[in-house]
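Remarks on the structure that follows.
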Amino acid sequence: MSLANNREDRDALPGGGAGESGAAARPLDFVRRIVADDIASGKWGGAVVTRFPPEPNGYLHIGHAKSICLNFGIAAEFGGRCHLRFDDTNPTKEEVEYVESIKEDVRWLGWDWGQHLYYASDYFEQLYEFAEQLIRAGKAYVCDLSADEVREMRGTLTEPGRESPYRNRSVEENLDLFRRMRAGEFEEGSRTLRAKIDMASPNLNLRDPVLYRIIKAPHHRTGDAWCIYPMYDYAHPVSDSLEGVTHSICTLEFEDHRPLYDWCLEQLGIHHSQQIEFARLNLTYTVMSKRKLLTLVREGRVSGWDDPRMPTLCGLRRRGYTPEAIRDFCSRIGVAKNDSVVDYAMLEHCLREDLNRRARRMMAVLRPLRVVITNYPEGQTEQLEAINNPEDPSAGTRQVPFGRVLYIEQDDFREVPPPKYYRLAPGREVRLRYAYFIKCEEVVKDAAGQVVELRCTYDPATRGGDAPDGRKVKATIHWVSAEHAVPAEVRLYDHLFTKPDPDDVPEGEDFHANLNPDSLEVLTGCMLEPALAQVRPGEPVQFERLGYFCADNRDWRPTAPVFNRTVTLRDTWAKIEKSLGK
Ligand code: ATP
Ligand code: MG
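This is the structure:
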């Protein structure tokens, strides 16, 4: 069933409850205000038709998610529909691989275009006929200037452009040349079709913009049928119009193109969708341009489009982000008309809120230190009950094996504990989560003086609880039974860039200068409790005290588990909100 067509469906999304219904109570943003007013005034007969129009020249990223949630969200909330339209007008940069990934990502985010899957390339014939119509009306001409000459004659913001010497060709000559362009008679780049508008317009987009260019490259859908391809500024309004789009929502950089959008539809006298611009999403520590992301992939700075450090939806998915968290984020950032940069910590906050509700808690030791419980019977093991999710009693409990030899984190022991360090130290007692109190009796070191083992005693009377004599410990640490432990690789991630603004670089450098050399740390020989080996890729889990993790969907092997750290437990955004008194 299509989410976009039914409001109840959207509300029924799994896990979509708290965050999203909370958002519904907020005042309408300016785009929703326009839509609501149009419905009230009957402007489109009450219809609401939006579209998400990606160009299939890269993978979708978190910025696209904002646009997707806005377009599909509006359609869902106002009882309309949202189209997925591939804006595939440039055969040289586009690939089927991208088309498939985009569909997968939109679906994964929880949206459904139903039957409304379109391609601008489906309209090539219609676009061509409309172009002839413009020629016949004296509104378009074939121009023989090269791209450089067109640019050079275009003028500047302060100077008007100069008219092309081909501007006043007759309709007959234009039609003839345009048809021969289509037939493939001319070299790539030798001619264009241009709109005849105004070379002196203060808006550069109206200075006889190019509508068609010759590109002799096969198209991923139309093959060799065409060698002329429409420009975005022409294909887009016409595609919107043909689909009956009512609100054509796009990002701010198209504001200056709106007069051209309107011009095309007015000249053709066809259904006139309303273009509305909103500010694109920018995130700290993140580059969002497809060109830059492609560079990172091509240069091998990351392992691919789905590298867990990438802001792409497939990267975020592999990292362990949930669609619910991303939708919640998109609804919280709101929609405005002025550019701003959102703190990455806010995205992580939305993620933690969601994972906190749904992730099972398990124990894993990332940097193991061996502990031998000297008074625990050799060869004995027992099963201890552990709570899967204190936030969700329905998640139940599980059994965790305990034995004489354990692993704890190296970090949870200090030979000389600093002030306020309450974890294990010589002579000190701590609680093992769900197990017993243990006391460090002896420290074993190797020849180099490194601590390699602790010899401890346990108190059988403290099983799963407190000491009967009322004695207290100041710390509880996690652990894994050595005999039952599953060794694994765990990958820890940090931001790809060291600066909040990756483009903040010295003169002559680019974003490469801010790449974070420590954005990936791979730990091998980590020790997992057995239940973690059963986790499905895609299921979020919390490693107690360490953060949220997920099984890597690409490199995971049943015999060699690989986990990605999704996010740590420390919520800096919650602190910021608190300090603001929110
Ligand atoms: P380019 O056009 O440079 O290839 P793009 O990011 O604009 O890159 P499109 O495929 O054209 O890519 O984008 C599809 C839709 O997503 C457009 O409507 C665009 O405005 C919107 N979009 C792209 N980036 C963002 C962003 N950072 N925030 C919000 N919307 C975005
Ligand atoms: Mg674009």
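What the sequence shown shows, in our numbering, is residues 10 to 591, in sequence order. Positions of the beta carbon are idealized from the N, C-alpha and C atoms, including for glycine.
Extent of the continuous beta strand (DSSP E) run through residue i
i       : result
Ser-282 : Premise fails: Ser-282 is in no beta strand (DSSP E) and is neither H nor E.
Leu-292 : 290 to 292
Glu-462 : 460 to 468
Ala-204 : 201 to 204
Gln-142 : First-last for Gln-142: 133 to 145, but that is the alpha helix (DSSP H), not the beta strand (DSSP E).
Arg-116 : No beta strand (DSSP E) holds Arg-116; the alpha helix (DSSP H) holding it covers 105 to 117.
Arg-178 : Where Arg-178 is concerned, there is no enclosing beta strand (DSSP E), given that its DSSP letter is neither H nor E.
Proximity below 9 Å, CB of residue i to CB of residue j
i       : j       : result
Met-297 : Leu-303 : no
Pro-332 : Gly-72  : no
Tyr-132 : Tyr-68  : no
His-493 : Ile-417 : no
Pro-218 : Arg-203 : yes
Val-254 : Val-58  : yes
Val-452 : Val-460 : yes
Pro-410 : Glu-391 : yes
Val-380 : Val-425 : no
Leu-532 : Leu-292 : no
Tyr-330 : Thr-98  : no
In DSSP terms, what residue i is bridged to
i       : result
Met-371 : Phe-552
Leu-501 : Glu-530
His-92  : Arg-60
Pro-239 : Tyr-221
Asn-573 : Arg-500 and Cys-559
Ile-417 : Leu-378
Leu-126 : Leu-93
Ala-149 : Ala-204
Gly-351 : Reading off the sequence, residue 351 comes out as Val, not Gly. Partner(s): Leu-292.
Thr-260 : Phe-287
Thr-485 : Arg-440
Glu-394 : Gln-408
Ser-248 : None, per the DSSP bridge assignment.
Thr-321 : His-70
Gly-232 : His-228
Ser-490 : Leu-415
Cys-535 : Ala-497
Close-in-space but distant-in-sequence residues of the same chain around residue i (CB under 7 Å, 5 per side omitted)
i       : result
Asp-316 : Gly-324
Thr-231 : Ser-130 and Phe-133
Val-306 : Gly-313 and Trp-314
Gly-193 : Cys-236
Lys-301 : Phe-520
Opening and closing residue of the alpha helix (DSSP H) in which residue i lies
i       : result
Phe-81  : 71 to 86
Glu-450 : First-last for Glu-450: 446 to 454, but that is the beta strand (DSSP E), not the alpha helix (DSSP H).
Ala-49  : 39 to 50
Residue i versus the options, residue with shortest Cα-Cα distance
i       : options                               : result
Asp-421 : Val-414, Pro-239, His-280 and Arg-437 : Arg-437
Glu-286 : Arg-310, Thr-260, Cys-273 and Lys-301 : Thr-260
Ile-237 : Phe-263, Ser-199 and Glu-264          : Ser-199
Gly-412 : Asn-80, Ile-447 and Pro-100           : Ile-447
Pro-549 : Tyr-221, Thr-575, Ala-354 and Glu-538 : Thr-575
Ala-85  : Arg-41, Thr-406, Lys-52 and Val-105   : Arg-41
Val-180 : Ala-434, Tyr-150, Glu-275 and Ile-43  : Tyr-150
Trp-582 : Glu-182, Met-355 and Pro-320          : Met-355
Thr-321 : Phe-195, Lys-205, Ala-156 and Ile-111 : Ile-111
Leu-184 : Gly-147, Pro-100 and Trp-122          : Gly-147
Pro-567 : Gln-543, Ile-206 and Ser-340          : Gln-543
Tyr-243 : Ser-130, Phe-61, Val-482 and Asn-523  : Ser-130
Arg-500 : Asp-271, Asn-347 and Gly-556          : Gly-556
Glu-196 : Glu-498, Lys-587 and Arg-222          : Arg-222
Glu-498 : Glu-104, Val-571, Pro-211 and Gln-135 : Val-571
Asp-96  : Ala-140, His-245, Pro-174 and Trp-122 : His-245
Ser-248 : Phe-61, Ala-484 and Leu-463           : Phe-61
Glu-104 : His-125, Pro-65 and Asn-562           : Pro-65
Gln-5   : Asp-363, Val-482 and Arg-94           : Beyond the ends of the chain as shown, which are 10 and 591, falls residue 5; an answer cannot be given.
Leu-505 : Asp-513, Val-311 and Thr-406          : Val-311
Near ligand 3: residue i beta-carbon under 8 Å from a heavy atom
i      : result
Cys-91 : You won't find ligand 3 in this model; what it holds is ligand 1 and ligand 2.
Sequence-distant residues of its chain with Cβ nearer than 6 Å to residue i (five each side left out)
i       : result
Lys-299 : Gly-67
Met-162 : Gly-170 and Arg-171
Gly-89  : Val-57 and Val-58
Asp-580 : His-358 and Arg-361
Thr-507 : Asn-523 and Asn-525
Val-489 : Met-372, Val-374, Tyr-416, Met-536 and Glu-538
Ile-48  : Gly-55
Arg-366 : Glu-400
Sequence-distant residues of its chain with Cβ nearer than 8 Å to residue i (five each side left out)
i       : result
Ile-83  : Val-40, Arg-41, Val-44, Val-57, Thr-59, Gly-89, Cys-91, His-256 and Ile-258
Ser-250 : Leu-274, Leu-277, Ile-279, His-280, His-281 and Ser-282
Gly-534 : Pro-377 and Pro-496
C-beta neighbour in chain C for residue i, strict 9 Å
i       : result
Ala-497 : Among the chains of the structure shown, chain C does not appear; only one protein chain is present.
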